[in-house]
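Participant:
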Amino acid sequence: SSPDIEQLLRADFAEVLAAAVDSVALKGGGSNQPTGIISTSGVTDQIIGTPTWAAILDMISTVEVNNALDGSLGFAMGARVKRKLRATLRAASTDSVMIMNSPTELAGYPAYATSNLAGSGGSPDNGELVFGNFANLLIGFWSELDVLVNPYESTAYSKGNVQIRAMVTCDVAVRRTE
Numbered sequence: 301s302s303p304d305i306e307q308l309l310r311a312d313f314a315e316v317l318a319a320a321v322d323s324v325a326l327k328g329g330g331s332n333q334p335t336g337i338i339s340t341s342g343v344t345d346q347i348i349g350t351p352t353w354a355a356i357l358d359m360i361s362t363v364e365v366n367n368a369l370d371g372s373l374g375f376a377m378g379a380r381v382k383r384k385l386r387a388t389l390r391a392a393s394t395d396s397v398m399i400m401n402s403p404t405e406l407a408g409y410p411a412y413a414t415s416n417l418a419g420s421g422g423s424p425d426n427g428e429l430v431f432g433n434f435a436n437l438l439i440g441f442w443s444e445l446d447v448l449v450n451p452y453e454s455t456a457y458s459k460g461n462v463q464i465r466a467m468v469t470c471d472v473a474v475r476r477t478e
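According to my numbering, the stretch in the sequence shown is residues 301 to 478, in order.
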């Protein structure tokens with residue numbers, strides 16, 4: 301009944317739903333969820349393995365060769381990838397400059413870390429790295445934050461509680477897979 305609690309719950313739901321939209325926009329989801337960048341057919345995949353400066357430049361070159369090196373270019377990566385890039389030398393025998401020597405920039409482009417690109421497997425360095433024109437990632441919202449309060453849901457009602465559900469209806473498309 302307090303406006304402060306309502307605002308807190310709305311903010312919490314908005315944060316959780318924003319993370320879910322971020323996740324499906326980057327990786328895709330299951331059935332009845334958007335495909336996302338990584339799962340979109342035609343998006344160029346490159347397996348880097350242990351990251352090198354040359355591999356990062358190859359990612360940029362792949363986009364450039366496809367005439368797609370324009371717009372809102374940048375990197376999105378898992379936190380483990382960011383840590384690995386910040387701890388790996390560009391050229392081990394010649395300098396002490398790291399592949400990623402700024403927490404917000406990689407190879408002259410903005411770089412952002414997200415837990416939604418954590419990757420899988422047992423390696424502590426495993427993760428995913430995406431480079432491209434994020435203006436070509438279209439996210440259409442059919443409804444913003446919908447909040448539904450149900451005081452009669454059987455489990456919640458029997459305990460004197462209220463069930464609150466929040467939803468966002470959206471779709472994601474990659475305009476140019478290059």
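We put the beta carbon where it would ideally sit given N, CA and C, even for glycine.
Mark Glu428 as exposed unless 16 or more other C-beta atoms lie within 10 angstroms of its C-beta, in which case mark it buried.
Facilitator: Flag for Glu428 reads buried.
Participant: So, at 6 Å on beta carbons, what are the nonlocal neighbours of Arg475 in its own chain, with the 5 sequence-adjacent residues on each side left out?
Facilitator: If we look at Arg475 and ignore the five residues flanking it on each side, its Cβ neighbours are Asn436, Leu438.
Participant: Is the CB of Asn416 under 7 Å away from at least one CB in chain C?
Facilitator: Looking at the structure shown, chain C is missing, and only one protein chain is on hand.
Participant: Looking at C-beta atoms only, is the number of pairs between the stretch 316 to 332 and the stretch 460 to 477 that lie closer than 8 Å three or more?
Facilitator: These segments touch.
Participant: Which one of Ile360, Met377, Leu309, Arg310 has the shortest CA to CA distance from Asp370?
Facilitator: Nearest option by C-alpha distance: Ile360.
Participant: Just the C-alpha distance for Pro403 and Ala391, rounded to the nearest angstrom, thanks.
Facilitator: Near 19 Å, if we compare the C-alpha coordinates of Ala391 and Pro403.
Participant: Please name the residue or residues paired with Gly374 in a DSSP beta bridge.
Facilitator: Looking at the DSSP assignment, Gly374 forms a beta bridge with Gly432.
Participant: To the nearest whole angstrom, what separates the beta carbons of Ile399 and Pro351, a pair I think is in contact under 8 Å?
Facilitator: Contact flag correct, Cβ pair sits at about 6 Å.
Participant: Would you check if there are 3 or more beta carbon pairs closer than 8 Å linking the stretch 460 to 468 to the stretch 440 to 450?
Facilitator: Output reads yes: the stretch 440 to 450 touches the stretch 460 to 468.
Participant: Could you tell me the distance, in whole angstroms, from the CA atom of Phe375 to the CA atom of Trp353?
Facilitator: Distance between the alpha carbons of Phe375 and Trp353: 14 Å.
Participant: Whole angstroms is fine: what's the gap from Val343's alpha carbon to Leu309's?
Facilitator: When rounded, the distance between both Cα atoms is 37 Å.
Participant: Tell whether a beta-carbon distance below 7 Å holds between Ala418 and Gly378.
Facilitator: The answer is yes: Cβ separation under 7 Å.
Participant: Start and end of the beta strand (DSSP E) containing Val447?
Facilitator: 437 to 450 is the span of the beta strand (DSSP E), which, as asked, contains Val447.
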